[in-house]
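One structure is given below, encoded as structure tokens.
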Amino acid sequence: MDLLNKLQLQLAGLEEKSLIRKRRHVETPAGPRVTVDGRDMLCFSSNDYLSLAGHPKVMAALQEGVDLYGAGSGASHLISGHSRAHAQLEERLAGFVGQHLEAPRALYFCTGYMANLAVLTGLAVGDKDTEIFSESLNHASLIDGARLSRTTVKVVGHADVASLAALLEQSTAANKIVVTDSVFSMDGDLAPLPELLALCERHGAWLVVDDAHGFGTLGDNGRGALEHFNLRSPYLVYVGTLGKAAGVGGAFVAAHEVVIETLIQRARPYIFTTAAPPALAHALLASVDIIESEEGRQRRAHVQALIAHLKASLKLKRWQLMPSDTAVQPIVIGDNAETMRVSAALYAQGFWVGGIRPPTVPLGTSRLRVTLAAGHTMDEVDRLVAAIHVLEEQS
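Position in the sequence shown (from 1) plus 483 gives the number in the working numbering.
As structure tokens, then:
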């Protein structure tokens, strides 16, 4: 069959470039130590930064949520699927990050991908005089959201504040939207949010911040990048992911109440999908409590100690540890095949570290993406560092 043959040739082409992706089967709760395809592994590839996915209080809250609300929501939020648990979570999240916004309100989504699609299409829909200014290293969901907005999109170089300033100065659009990750998921560095917000306020533009890897991990209270930089503005539209540091699933958008009402009425990814199970929202109430508590502060402090220890211990000669002060610590190797050989060699020794290749990262920058979590120990980091040193010598 010609159609299948064409697909098979495309897959063969990916195989030749060492770009085939494969799934593994995790048999235990997410955490630093997992069983994968029958093997016990140290996991340095998860985004469960605070190790809450297997936290007893979160698990108990999820079980309680099932008892209270059942397994599913049954419908979209605007039909009959919006439960008391969803409403309570939205109120809790609006209060949690609200000091950085004006007249704050929050909206819960099934996934971060859907939240980003909703924000960019919802803010742009019905307004042909819109321009979106998108950071070049943005997550795929932000890129797709900008494309689906069916409006003019201008890509800005990574952390290039001067270029953005020039583009905003030249823009005659009535509706301007600047969109960026806060923590770049494959590099680990932070966007220059204070400078970006100052430009948005000067030019009357929205600043959409996807804080997927900052929510829960940044700030004294875990409120994310806005707390880290001490930002507050009515121009901010904040997206927080709840399946990473919060340990459960879904995402939320927090912004001025008028923005949120606009998304409820306009954003197709919110309107036309079944609401997430209420039990997840109930469990997330426990997650947010932990994030804000003294336990959450201790977990964040431990992650920071692990980051400092890894950076001080890793002495690379050919490969490059990228500059990052976050839980994402990428090691650039460059070649696709070598990256995957190293990832496989680590896996054989019991270390699960993801090998990241194009198109996720630019050509020639394939890397190991090491992620650290509150459940890791210093000894486990030392063992990983030692293994990486040996493999670099052997490559």
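Using N, Cα and C, we set each Cβ at its ideal position, and we do this for glycine too.
What are the start and end residues of the alpha helix (DSSP H) that includes residue i?
i: leucine 680; result: 676-686
i: glutamate 744; result: 740-749
i: glycine 431; result: An answer regarding residue 431 cannot be provided, because it is not within the stretch 484 to 878 covered by the chain.
i: alanine 623; result: 623-631
i: lysine 798; result: Per DSSP, lysine 798 belongs to no alpha helix (DSSP H) and is neither H nor E.
i: serine 770; result: 761-775
i: serine 826; result: 819-831
i: lysine 489; result: 485-499
i: arginine 506; result: That residue, arginine 506, is in no alpha helix (DSSP H); it is neither H nor E in DSSP.
i: isoleucine 871; result: 861-877
i: methionine 524; result: From DSSP, methionine 524 is part of no alpha helix (DSSP H) but of the beta strand (DSSP E) over 522-526.
Contact defined as beta carbons within less than 8 Å: I believe residue i pairs with residue j. What is the distance between those atoms, to the nearest angstrom?
i: alanine 737; j: leucine 584; result: 6 Å
i: alanine 762; j: leucine 545; result: 6 Å
i: threonine 848; j: histidine 696; result: In fact, because the Cβ distance is near 18 Å, the residues do not count as touching under 8 Å.
i: leucine 855; j: isoleucine 790; result: 6 Å
i: valine 639; j: leucine 647; result: 5 Å
i: alanine 728; j: leucine 533; result: 5 Å
i: alanine 586; j: histidine 739; result: 5 Å
Using the Cβ count rule (16 or more neighbours within 10 Å means buried), how would you classify residue i?
i: methionine 524; result: buried
i: lysine 500; result: exposed
i: aspartate 670; result: buried
i: threonine 663; result: buried
i: phenylalanine 834; result: buried
i: leucine 590; result: buried
i: alanine 495; result: exposed
i: valine 873; result: exposed
i: alanine 577; result: buried
i: glutamine 812; result: buried
i: leucine 673; result: buried
i: arginine 840; result: buried
i: asparagine 488; result: exposed
i: glycine 553; result: exposed
i: alanine 453; result: Since the displayed the chain opens at 484 and closes at 878, residue 453 lies outside it and no answer follows.
i: alanine 750; result: buried
i: leucine 497; result: exposed
i: leucine 490; result: exposed
Compare the Cα-Cα distances from residue i to each of the options and report the closest residue.
i: glutamine 877; options: Met542, Val825 and Pro717; result: Val825
i: isoleucine 743; options: Ile615, Tyr718, Thr700 and Ala784; result: Tyr718
i: phenylalanine 579; options: Leu804, Phe698, Phe755 and Gly640; result: Phe698
i: arginine 588; options: Arg516, Ile747 and Tyr830; result: Ile747
i: lysine 505; options: Arg852, Gly838, Ile871 and Pro842; result: Gly838
i: valine 844; options: Asn819, Leu494, Ala648 and Tyr753; result: Asn819
i: alanine 788; options: Ser668, Arg516, His859 and Ala649; result: His859
i: leucine 851; options: His641, Gln781, Cys526 and Ala558; result: Cys526
i: valine 741; options: Val602, Ile503, Glu498 and His565; result: Val602
i: leucine 799; options: Gly732, Ala870 and Ala764; result: Ala870
i: isoleucine 562; options: Leu551, Leu572, Tyr753 and Ala795; result: Tyr753
i: leucine 867; options: Asp550, Pro841, Tyr830 and Arg840; result: Tyr830
i: alanine 764; options: Arg575, Ala645, Asn488 and Ala607; result: Arg575
i: glycine 732; options: His569, Arg522 and Leu502; result: His569
i: leucine 797; options: Gly553, Val853 and Val644; result: Val853
Grab me the residues of residue i's own chain with a C-beta within less than 7 Å of its C-beta, minus the 5 sequence neighbours each way, in chain order.
i: alanine 734; result: Phe592, Thr594, Gly595, Ala598, Val722, Gly723, Thr724 and Leu725
i: alanine 513; result: Ser529, Asp531, Ala536 and Gly537
i: asparagine 704; result: Glu710 and Glu775
i: histidine 792; result: Met861 and Val864
i: glycine 817; result: Gly847, Thr848 and Ser849
i: leucine 676; result: Ser665, Val692, Ala708, Phe712 and Leu714
i: serine 716; result: Leu680 and Glu684
i: aspartate 627; result: Leu600
i: serine 556; result: Gly564, Ser566, Thr757, Ala758, Ala759, Pro760 and Pro761
i: threonine 745; result: Gly605
i: arginine 801; result: Glu875
Taking residue i as part of the beta strand (DSSP E), name the residues at either end of that continuous run.
i: glutamate 614; result: 613-618
i: threonine 635; result: 635-639
i: alanine 589; result: 587-592
i: threonine 757; result: Careful: threonine 757 lies outside any beta strand (DSSP E) and carries neither H nor E.
i: leucine 535; result: Premise fails: leucine 535 is in no beta strand (DSSP E) and is neither H nor E.
i: valine 881; result: This structure cannot speak to residue 881, because the chain is shown only from 484 to 878.
i: valine 662; result: 658-664
Which residues in the same chain as residue i place their Cβ atom closer than 8 Å to its Cβ, once the five residues preceding and following it in sequence are excluded?
i: alanine 656; result: Asp612, Thr613, Glu614 and Thr635
i: alanine 688; result: Phe616, Leu651, Lys659, Ile660, Val661, Leu682 and Tyr718
i: glycine 707; result: Val580, Ser665, Asp694, Gly697, Phe698, Gly699, Thr700, Leu701, Tyr721 and Gly723
i: histidine 508; result: Val519 and Asp520
i: glutamine 803; result: Ile814 and Val815
i: phenylalanine 880; result: Missing from the structure shown is residue 880; the chain here goes from 484 to 878 and no further.
i: arginine 633; result: Ala607
i: arginine 516; result: Asp523, Met524, Leu525, Cys526 and Gly858
Counting only beta-carbon atoms, is residue i nearer than 8 Å to chain C?
i: asparagine 599; result: The question asks about chain C, but that chain is absent: this structure has only one protein chain.
Whose C-beta lies closer than 6 Å to the C-beta of residue i among residues of the same chain, with five residues either side of it excluded?
i: valine 541; result: Leu535, Gly730, Ala766, Ala769 and Ser770
i: serine 619; result: Val638, Gly640 and His641
i: histidine 785; result: Ala857
i: serine 624; result: Tyr596 and Asn599
i: methionine 823; result: Ser501 and Gly838
i: arginine 782; result: Leu533 and Ala857
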